[in-house]
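Encoded as C-alpha cells, the structure appears first; notes follow it.
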Amino acid sequence: MMNDQTFETIRRIVLCYPVESHHVTQIKETLVACKDDPAIPMNHDIEVIDAGQERVDEMLPTADIFIGHAKVPVDWDRALATKRLRWIQSSAAGLDHCLVPGVIADPDIIVSSASGLFAPQVAEQTFALLFGLLRRIGLFERARQIPEFIRRPTDDLRGKTVGIVGLGGNGREIAKMLRPWEVKILATDYYPENQPADVDELWPTSRTDELFASSDIVILTLPLNASTRHYVGEKQFAAMKPGSYFVNVARGAVVDEAALVAALSRGHLAAAGVDVTETEPLPPESPLWTDPNVLITPHVGAQSYRRVDDTTDLVCLNLRRYFSGLPIYNRVDKTLGFPHPSDSYRVASAEATNTSI
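Residues 1 to 357 in the UniProt record's numbering are what the sequence shown lists, from first letter to last.
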C-alpha cells in the first residue's frame, strides 16, 4: 500500500493519446473519487494535462504519471533527469515507444500496457488478412482493375495447422476465434505453462523454429524488444512448408523484411499478410507493394470506434487501483516488454465474466 508521502509526489498526469474533453473529464472525476475515498490517503488535487503529440516532448519532464503513446521524437533522457516520473500507462500494447534504457533501469518507474484491450480487433484484422490470402482476394482485386474475370485456385482454412508465435492477449483471442474452424493450433510463448483450452499445444519459445516447420500458417503476435528484433528471418522462412502462409500483426521489426521478400520471390511462401512493416510507412520502392501474393494494411489492427473510450476506461480502472494500493492491470516486466498472464487485464476480465480467454 502506498503511503501519504508517495501520494504527495503525484501532482501532474500528462496525457498523450487522442482524448476528447469528456475523456479528460472522466479521468478527472476518477481522481476526485480517489481523493474523496477515506481509504485512500490523498488530500491534494492532481493536474491533468492533455499534451497531445504536439506538446508531449515539452510536457513529459513535468509528468509524475504519463498516459499514452508518444509517436513523435521524445527526449527521454531530459524527461527522466527530473526524477519525477513514477508510472507510464501506455495506450498501446507494444512498448517499444517508451521502454528506453533509462526507464528499464529505474526501479521506481512502473510501466503498464494496453495489452489485450484491443485483442478482438487485432483478431478480426488477422482474419481479414488470412482469408484474403487463402481466397486470393489480392489477386482477384488486381484482376478487377484490368478487368479480367478468370477463375483461379483458392485455398481453405479448415484442416490447416496454424502456429501462433506469442500467446499474449492478441494471440489468445486469435486462437479463440480460430477454434471453430477445424484447425490444429500450435503456439509458443514465454509462459508455456498457461495453456488455454483453445490451443492444442503450447510450447516454450525454444521450440519456435519447430512451430514454423510444423505449421501451414504462421501468425506473429509477439512484442518487439531487444531479443525479438529480427526474430523471424531466413532460417525460419526456410523451415516453413512450401506453399505456407505468413501473417504479421505484431511489430514490423520482429521480421527481417528482406528475408520475407526473398521467401516470397522464390515462391517458397504462398502468400503473406502484413499489418505492420519494418519501416512505417512502407517505402514506395518496397517489393512488397507489387507482389500479388501480399496483402498490406497500414498498422490498423488495433483500430476500433471505441478505442479511446476503452483506453480511458482502463486508465481510470488502473488509476483507482494504483491509488488504492492494488496491483494495476498489465504491469509489465520491463526487461521483457509484456505483462505476466496473472497481471493481464484481459485474463482478469474473462475470469470476472466467467468466459474463456
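The beta-carbon is built from N, C-alpha and C at its ideal position, and this holds for glycine as well.
Note that the structure is predicted; figures quoted are calculated from it, not measured.
Residue i vs residue j beta-carbon contact at 8 Å
i: residue 144; j: residue 292; result: no
i: residue 315; j: residue 89; result: yes
i: residue 75; j: residue 160; result: no
i: residue 163; j: residue 218; result: yes
i: residue 273; j: residue 133; result: yes
i: residue 14; j: residue 28; result: no
i: residue 258; j: residue 237; result: no
i: residue 73; j: residue 57; result: yes
i: residue 126; j: residue 67; result: no
i: residue 203; j: residue 196; result: no
i: residue 311; j: residue 91; result: yes
For residue i: DSSP bridge partner residues
i: residue 89; result: 67, 112
i: residue 245; result: 217, 271
i: residue 338; result: 333
i: residue 184; result: 161
i: residue 189; result: 204
i: residue 12; result: 47
i: residue 255; result: 232
Given residue i as reference, the closest of the options once Cα atoms are compared
i: residue 341; options: 189, 22, 318, 252; result: 189
i: residue 105; options: 126, 300, 80; result: 80
i: residue 322; options: 42, 246, 238; result: 42
i: residue 186; options: 210, 180, 170, 169; result: 210
i: residue 118; options: 221, 325, 334, 212; result: 221
i: residue 110; options: 345, 344, 333; result: 333
i: residue 337; options: 94, 268, 172, 213; result: 94
i: residue 26; options: 317, 263, 331, 179; result: 317
i: residue 335; options: 227, 283, 242; result: 227
i: residue 253; options: 208, 242, 299, 175; result: 299
i: residue 154; options: 287, 130, 99, 147; result: 130
i: residue 138; options: 35, 201, 196, 297; result: 297
i: residue 199; options: 229, 165, 223; result: 165
i: residue 212; options: 33, 269, 191, 87; result: 269
i: residue 33; options: 339, 21, 46; result: 46
i: residue 201; options: 18, 172, 223, 224; result: 172
i: residue 251; options: 44, 20, 301; result: 301
i: residue 324; options: 30, 290, 208; result: 30
i: residue 181; options: 140, 205, 156, 167; result: 156
As assigned by DSSP and simplified to three states, the class of residue i
i: residue 353; result: Because residue 353 carries a pLDDT of 45, less than 50, the predicted location of this residue cannot be relied on, and no value is offered for it.
i: residue 106; result: coil
i: residue 19; result: coil
i: residue 77; result: helix
i: residue 295; result: strand
i: residue 49; result: strand
i: residue 300; result: coil
i: residue 55; result: helix
i: residue 276; result: coil
i: residue 122; result: helix
i: residue 100; result: coil
i: residue 26; result: helix
i: residue 131; result: helix
i: residue 142; result: helix
i: residue 83; result: coil
i: residue 318; result: helix
i: residue 250; result: coil
i: residue 4; result: For residue 4, the predicted structure reports a pLDDT of 41, less than 50, and the residue's modelled location is therefore unreliable. A value from the coordinates is still provided. Reduced to three states, the DSSP call for residue 4 is helix.
i: residue 154; result: coil
i: residue 177; result: helix
i: residue 40; result: coil
i: residue 288; result: helix
i: residue 323; result: helix
i: residue 209; result: helix
Contact belief for residue i with residue j at Cβ below 8 Å, rounded distance in angstroms
i: residue 12; j: residue 96; result: About 25 Å separates the two Cβ atoms, so there is no contact after all.
i: residue 345; j: residue 116; result: 6 Å
Residue i Cβ short of 7 Å to the ligand GTP heavy atom set
i: residue 149; result: The ligand content of the structure shown is nil, which means the ligand GTP is not present either.
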